[in-house]
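According to this note's numbering, the residues represented by the sequence shown are -8 to 402, in order.
This report refers to the structure that appears directly beneath it.
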Amino acid sequence: MKKLLWILFKSNLIVRMLMCMIIGAFIAAFLPQYGVKLEFLGRVFIQALRAAAPILVFVLVISSIVNNKFDNVSSIKSVAWLYAITVLISAILASTVSYLYPLHLVMDVPPASEKPPEGVAEILMNIILKFVDNPIDALATGNFLSILAWSTALGIALRHSSEATKSVIKNWSDATIWVVRLVVAIAPYGVLGLVASHFTSDGLAKLKNYLELIGVLLGLMVFVALVINPLIVFLNFRKNPYPLVFTCLRYSGITAFFTRSSAANIPVNIRLAQRMQLPEEIYSLSIPLGVTMSMNGAAITITTMTMATVHTLGMDVSFIQTLLLSILATVCALGASGVPGGSLLLIPVACSMFGFDPAIAAQVVAIGFVISEIQDSAETVLNSSSDMLFTSVVSLKQQGRDPSKIELLPE
């Protein structure tokens, strides 16, 4: 008993998280009545992450700009290019697989109630409007594009302030990080509640009609995570990429799977960046940017679901059309929000390329929400871990470090 208590409260974070996952699965299987009640632990954890993330990003970006030189602008651009390129590759991969292996949907679900964007122009307009959102509202709602814009502007304005002001800003940054560490420390117990409640839910029984669709989506995401991403790391370093890839998946992916929100996972990624000793002036900007731009999983979901709709309706499409769909899906994915189900609402935009009736597109979105217990969780793992991975690639390259020899600071 003492050993179990030590594992649950004093061992390292990953061991505690794995143990809590096992306990949560046990409760879901044998004590389901308690599994539903433990959902509260998961909700507290996710709410704490979402509450901490906007403030953390706001303070970190200001502190980074105020207290550091502008020597890493090219590094931020490099990370952004990696995000965009991998999203396009993911979309092309998904469209190719869907073209060669047609999927068919069972449209027996009611239309989704959420209103999707009406087109790419609306997506781009929404992105621009997000940049100029009220900063207080942006902090309250987690609008990271606006938070980045305002914190960057304030950071530049405060660069010429007194040393005392800069010191205060740095102290606020350190204090915020300390609070976030407390939030991350409760991750295992939040995951316990999430596992117990998710696997107790009757919603998982609905997935049986969509196993083939889920299998293709998961297969594509795993392929990108374990083949495409490592290949990009290898091309940058000519070193074994898997120690870095597995580090990002292990420390970023587990919490991302259960929070199902790239935005909520920002504190986890920033804490990992600190333990990897990456430059703060890079990760404080690139990780929040990845909430919108690191959308490999979203591109796969949008493309695969759209192509499945095409085949379900018996339409003949050329391979060129599937490539055009990949480009459209990339634009849609880059505009997806880092919240649960963010990519699903962009499926109708891709469907509009083939002239589908809006009611059909709405049903496809509804199917997406049925399988989101698995699809959205896996998508967030890929999105968030890729965010961390490409930030690490550019940072380690700048530092001249070997990605095959990753050492983390103590928790």
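Cβ atoms here follow ideal geometry from the backbone N, Cα and C, with glycine treated the same way.
Taking a contact to require three or more Cβ pairs closer than 8 Å, the region 49 to 57 and the region 160 to 169 qualify as touching.
In the structure shown, L304 adopts coil according to DSSP, grouped into three states.
With respect to the 8 Å criterion, L29 and A187 are classified as neighbours on the basis of their beta carbons. Across the structure, V384 and R241 are spaced so that their CA atoms are roughly 16 Å apart.
With fewer than 16 other Cβ atoms inside 10 Å of its own Cβ, Q38 counts as exposed.
Setting aside the 5 residues that flank it on each side, N287 is surrounded in the same chain by T77, V78, S81, V215, L373, N374 and S377, each with a C-beta closer than 7 Å to its C-beta; the list follows chain order. Judged by their CB atoms, S275 and Y74 are not nearer to each other than the 8 Å cut-off.
DSSP places Q268 outside both helix and strand once states are collapsed to three, so it counts as coil. Distance from the CA atom of E364 to the CA atom of M306, rounded to whole angstroms, is 29 Å. Contact fails between the region 351 to 363 and the region 229 to 236, because fewer than three Cβ pairs, one in each stretch, are under 8 Å apart. The region 10 to 65 is shown to contain whole alpha helix (DSSP H) runs of 4 or more residues at 23 to 28 and 30 to 58, in chain order. Assignment of I177 by DSSP, reduced to helix, strand and coil, places it in the coil class. In this structure, F31 sits near G184, with a CB-CB distance shorter than 8 Å. Runs of the alpha helix (DSSP H) spanning 4 or more residues and lying entirely within the region 234 to 295 occur at 245 to 250, 257 to 266 and 271 to 284, in chain order. Residue range S363 to Q390 is occupied by the alpha helix (DSSP H) that includes K388. V213: member of the alpha helix (DSSP H) spanning L202 to F214, first to last residue. Shown here for I362: same chain residues with a beta carbon closer than 7 Å to its own, the five before and five after excluded, namely L198, Y201, L204 and I205 in chain order. Distance from the Cα of F347 is smallest, within the candidate group A299, G33 and D393, for A299. One thing to note: A85 has its Cβ no nearer than 8 Å to the Cβ of L209.
Shown here, F345 sits in a helix according to DSSP, grouped into three states. Where G133 is concerned, there is no enclosing alpha helix (DSSP H), because DSSP gives it neither an H nor an E. Excluding residues up to 5 positions away in sequence, L136, S137 and A140 lie with their Cβ nearer than 7 Å to the Cβ of F122 in the same chain. With the rule of 3 Cβ pairs closer than 8 Å, the region 238 to 254 counts as touching the region 165 to 185. Distances from the alpha-carbon of E272 to those of V57, L173, P179 and D393 put V57 closest. The three-state secondary structure of N231, taken from DSSP, is coil.
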